[in-house]
Every structure is written in C-alpha cells, then in structure tokens.
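Single-structure report; data block below.
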C-alpha cells in the first residue's frame with residue numbers, strides 16, 4: 016500500500032529502524048577501521064577533532080576515516096578498504112583519482128617550479144579555453160571559489176558605487192562573511208559563530224525562484240551585485256522555474272545591478288556548465304573546486320567592459336591604490352598547468368555526455384526504488400547529479416528543499432554504504448557520477464540504496 020503525505024510534508028522512514036540499523040553499521044565500521052582509529056588518537060594531540068580542516072570531521076557522524084590513496088573512481092583507507100566515491104569530495108574530485116592526462120603535466124611543472132609570481136603560457140591557454148567554453152572573454156584565477164566570489168563582489172561595488180549584495184536562501188558561495196548569513200525572520204544575521212554582525216548588514220537574502228521579491232529589493236538601486244547559483248545545489252537540489260534566470264538578467268540590467276552566476280558546483284553538470292546549456296547571460300561567472308581536479312584553484316570570468324575596468328584599476332604596489340584583488344599564490348604555475356590539462360584533455364563534450372547518461376541511469380534507478388517500495392518520493396536529476404527527493408514534487412525553494420535533508424537517515428545510509436564499499440554523498444549535495452565512474456559503479460550504488468531503503472521502510 017502506498018504511503019501518502021500531507022501537503023508540505025516529507026517522507027520519513029521508521030526512526031527506530033533507522034537508529035537500530037545505524038548502530039549496527041557503526042559497530043561494523045569501527046571494527047574494520049582500526050588503523051584510522053589509531054591515527055585519530057594521535058591526531059587529536061595536534062589538530063582539533065583530529066583533522067586538518069573542520070569539515071573533514073563535521074560532515075560525518077561516524078568514526079573518523081583516514082585515506083591512503085585513490086585510483087579512478089575509488090579511494091582506499093589506511094586499513095585497505097576500498098570505496099567507490101559518490102561524494103567526489105563535494106564535487107572537487109569529479110575527474111577521479113590518478114588521472115594521467117592531468118598528473119603528467121602537473122608533475123612536470125612541479126619539477127620546473129610551482130610558482131614564480133609571474134604568468135606562464137598555461138595561464139593564457141586556460142583563459143582562452145574558458146572564454147570559448149563559458150562565453151565571457153576575460154578571466155582571473157584564485158585558489159578557491161570563496162576568493163573568486165570575494166573579488167567579484169569588490170569589482171561590482173567599485174563599478175556601481177553601491178554596497179549591498181543579494182543572495183538566495185539555500186545558497187553557499189564560500190567562506191565569505193557577507194554570504195555566511197541567514198534571515199532569522201526579522202533581519203539578516205550571521206549564520207555561524209565568530210562572524211561579524213556588521214558584515215551582514217549589506218546582505219539581502221531572498222527566496223529562490225521569486226522574481227517579484229528581487230524586483231522589489233532592487234527598486235532602491237542600492238544593490239551592487241546579485242550572486243546566485245543557476246540551480247541551488249547545497250540544499251539538495253532546486254531547479255529554476257522556466258524564465259526565472261532570464262528574468263534575473265532582465266531586472267538586474269534594468270536597475271544597473273551586476274549579476275554573477277556561481278557555477279562552482281554546476282560547472283560539472285554540463286559541458287560549459289549550466290551557463291552554456293541554458294544560454295544564460297551574466298556579468299560574471301565564478302568557477303571552483305579546481306574544476307574537479309582536487310587542486311586548489313578557482314576562476315572568475317567577466318565581460319569585456321568589466322575586464323577593461325579591472326585593467327584600469329589594478330592594485331599596483333606603491334602607486335595609486337586600485338581594486339583589492341589577487342593573492343600571493345593566485346594564478347600559480349602549478350594550478351595553471353592543471354587547469355590547462357583539465358580543460359584540454361578531460362572536460363570534453365563527449366565526456367560530459369557520458370556522465371550525464373550515468374546520472375540519468377542513477378536517477379532512473381532511484382525512481383524505480385520509489386515505485387518498488389511504494390515510497391512517496393522521486394529522484395533529483397540534472398546531468399550527472401541525482402539523489403533522493405523525499406517529497407512527491409520537486410522543491411522550488413530552500414524551505415521545500417530542506418525537507419529532503421533527513422540527517423538521521425543520511426547518516427545511517429552513509430555508514431551502511433561505506434561498509435559495503437561505497438562512499439556516499441554528504442547530506443546537502445549529491446550523489447554525482449564522476450568522469451571516472453562506469454555503469455557498474457552506478458548500478459552498484461542503486462542496488463545498495465534499494466537494500467538500505469527496504470531495511471528502514
């Protein structure tokens with residue numbers, strides 16, 4: 016008999032079954048990761064939570080895992096367990112591991128010097144490639160999308176002589192104080208501890224897919240920049256309504272407001288990102304995640320007019336101060352060698368077509384699970400990205416999308432998958448087919464999800 020839901024509700028598996036399964040799987044996980052436990056005991060003496068970065072501990076509600084290496088679509092922990100990676104390091108490792116086409120030029124460049132604080136030919140080639148691919152002619156490089164979005168904000172403020180920024184509920188644009196904010200029902204406040212409340216005063220947060228709200232917020236002409244993903248990807252998945260993104264471009268142009276499309280995640284959804292797939296127009300595009308290589312670099316593109324403006328207002332040492340852009344390691348030779356190799360040899364149109372087919376295969380499999388188990392759920396799907404939507408209808412905004420973020424169920428599913436050789440996605444994003452996955456990897460994941468959902472129904 017099919018499960019029915021009240022309007023605005025989401026499917027929730029049996030809490031007792033979820034908890035009992037999770038406990039059994041945690042015990043099994045601990046028994047097979049003894050060397051990781053030993054490393055954790057050592058690491059806690061020198062690093063908070065035993066990790067070099069807090070997300071490595073905070074994302075996972077199971078004993079800490081330490082990695083020894085990876086190859087293709089798999090990585091291996093220090094105990095010798097192998098995992099098919101469906102999280103792909105939150106989309107920063109979508110190429111897979113140990114890719115010869117990327118490894119060889121990077122090793123060669125490292126031997127010759129990783130950074131000179133001077134440009135290389137690889138930077139010229141990479142920027143040309145991005146221009147052809149994304150449709151914007153001028154490019155700059157940073158180490159992460161946080162830096163790219165920060166520089167876009169500064170350029171937009173300088174050009175418009177305005178301070179305010181619009182972002183959308185469910186966003187994540189990096190570790191930037193202006194964007195690490197939330198609306199508490201009355202005002203915009205910091206989203207995390209340790210942030211300055213003053214930095215949030217210039218940020219406006221609106222619901223995604225609400226053009227009327229955007230138009231009202233831009234009437235005052237105090238907003239320098241609208242910063243948005245083309246589809247929200249950090250709160251499960253929210254696709255834009257037909258005409259929504261085109262409406263954003265129209266309203267921002269009419270009010271002298273700049274528009275930035277943050278494709279840090281969505282660049283991996285299609286050849287040329289969703290910008291090319293949907294023929295989007297914007298003033299800026301930001302890219303991150305090392306374009307899927309795992310190396311620390313990001314980029315942002317801009318129009319001819321903006322590129323000319325930036326060139327005229329460089330921050331030149333000991334001369335007239337310009338726009339505050341750049342960083343000591345930005346655009347380094349090693350990153351540029353990696354960017355060139357990725358763009359020329361890995362991120363081809365054929366490769367994107369292949370992983371999009373794998374994404375459809377995964378989504379079809381998830382839909383089949385929902386039918387077989389009579390679940391009032393469905394698959395998310397866009398290119399290689401899928402996942403389990405816990406509502407009968409796809410979400411249009413963050414409030415609806417968060418209903419599919421069942422932390423207890425995802426924690427149990429992750430450790431269940433790990434004990435069977437799969438590394439599942441984090442609660443807010445994925446899973447996603449990578450350039451290293453094959454059909455058998457996707458089918459294995461779907462089979463395990465079916466087994467898991469059957470156990471907790």
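In my numbering, the protein residues as written are 16 to 472. Built from N, CA and C at the ideal position, the CB exists for glycine as well.
Item, Value
"Tell me, which residues are paired with residue 155 by DSSP?", "315"
"What ranges does the alpha helix (DSSP H) occupy inside the segment 188-242, keeping only unbroken runs of at least 4 residues that lie completely in it?", "226-233"
"Could you round the C-beta distance between residue 217 and residue 179 to whole angstroms and report it? I think they count as a contact, below 8 Å.", "5 Å"
"Cα-Cα, which of 398, 247, 68 and 221 is closest to residue 292?", "398"
"Which whole-angstrom value is the C-beta distance of residue 79 and residue 55, which I expect to be below 8 Å?", "5 Å"
"Assuming the contact rule is C-beta atoms closer than 8 Å, residue 402 and residue 436 should be a hit. Round their C-beta distance to whole Å, please.", "At roughly 20 Å, the Cβ-Cβ gap does not stay under 8 Å, so residue 402 and residue 436 are not in contact."
"Tell me which same chain residues have a C-beta within less than 8 Å of the C-beta of residue 310, skipping the five on either side of it?", "121, 349, 350 and 353"
"On the criterion of 16 or more Cβ atoms from any shown chain inside 10 Å, does residue 186 qualify as buried, or is it exposed?", "buried"
"Taking Cβ positions, are residue 447 and residue 283 nearer each other than 9 Å?", "yes"
"Give, in chain order, every unbroken run of the beta strand (DSSP E) that is at least 3 residues long and sits entirely within the segment 400-438.", "400-404"
"Closer than 6 Å by C-beta to residue 410: which residues in its own chain qualify, once you throw out the five before and the five after it? Chain order, please.", "253 and 416"
"Here's the rule I'm using: 16 or more other beta-carbon atoms within 10 Å means buried, otherwise exposed. How should residue 326 be labelled?", "exposed"
"Would you tell me roughly how many angstroms separate the C-alpha atoms of residue 363 and residue 166, rounded to the nearest one?", "28 Å"
"Are the beta-carbon atoms belonging to residue 99 and residue 426 less than 9 Å from one another?", "no"
"Whose C-beta lies closer than 7 Å to the C-beta of residue 125 among residues of the same chain, with five residues either side of it excluded?", "349"
"Classify residue 179 as helix, strand or coil using the three-state DSSP reduction.", "strand"
"Pull the bridge partners of residue 112 from the DSSP assignment, please.", "87"
"Quick one: measure Cβ to Cβ for residue 355 and residue 141, integer angstroms, because I've assumed they're closer than 8 Å.", "5 Å"
"Please look up how many angstroms separate the CB atoms of residue 267 and residue 276, rounded, as I've assumed it's under 8 Å.", "That belief does not hold up - the Cβ atoms of residue 267 and residue 276 are roughly 11 Å apart, past 8 Å."
"Runs of 4 residues minimum, wholly inside the segment 310-386: which ones carry the alpha helix (DSSP H) assignment?", "319-327 and 348-356"
"Got a sec, what are the start and stop residues for the alpha helix (DSSP H) residue 71 sits in?", "70-73"
"From which residue to which residue does the alpha helix (DSSP H) around residue 290 run?", "288-292"
"Cβ atoms of residue 114 and residue 372: under 9 Å apart, would you say?", "no"
"Would you decide whether residue 30 is buried or exposed? Buried here means 16 or more other CB atoms lie within 10 Å of its CB.", "exposed"
"Taking just the CA atoms, how far does residue 39 sit from residue 240?", "49 Å"
"For the beta strand (DSSP E) holding residue 99, just list the boundary residues, first then last.", "97-100"
"Alpha carbon to alpha carbon, how far is residue 297 from residue 271?", "12 Å"
"Which of helix, strand or coil does DSSP assign to residue 27?", "coil"
"Considering only their Cβ atoms, is the gap separating residue 273 from residue 473 smaller than 9 Å?", "The requested residue 473 is not part of the displayed model; the chain covers only 16 to 472."
"Could you check whether the segment 334-343 touches the segment 101-119, counting it as contact only if at least three pairs of C-beta atoms, one from each stretch, sit closer than 8 Å?", "no"
"Which residue's Cα is closest to the Cα of residue 257: 278, 295 and 233?", "295"
"Over what stretch of residues does the alpha helix (DSSP H) that includes residue 468 continue unbroken?", "454-471"
"Report yes if the CB atom of residue 231 is closer than 9 Å to the CB atom of residue 189, and no otherwise.", "no"
"Taking the alpha-carbon of residue 92 as reference, which of 111, 101 and 49 has the nearest alpha-carbon?", "49"
"Using alpha carbons as the reference points, say which of 366, 235, 394 and 359 lies closest to residue 376.", "394"
"Whole angstroms are fine: how far does the CA of residue 177 sit from the CA of residue 170?", "11 Å"
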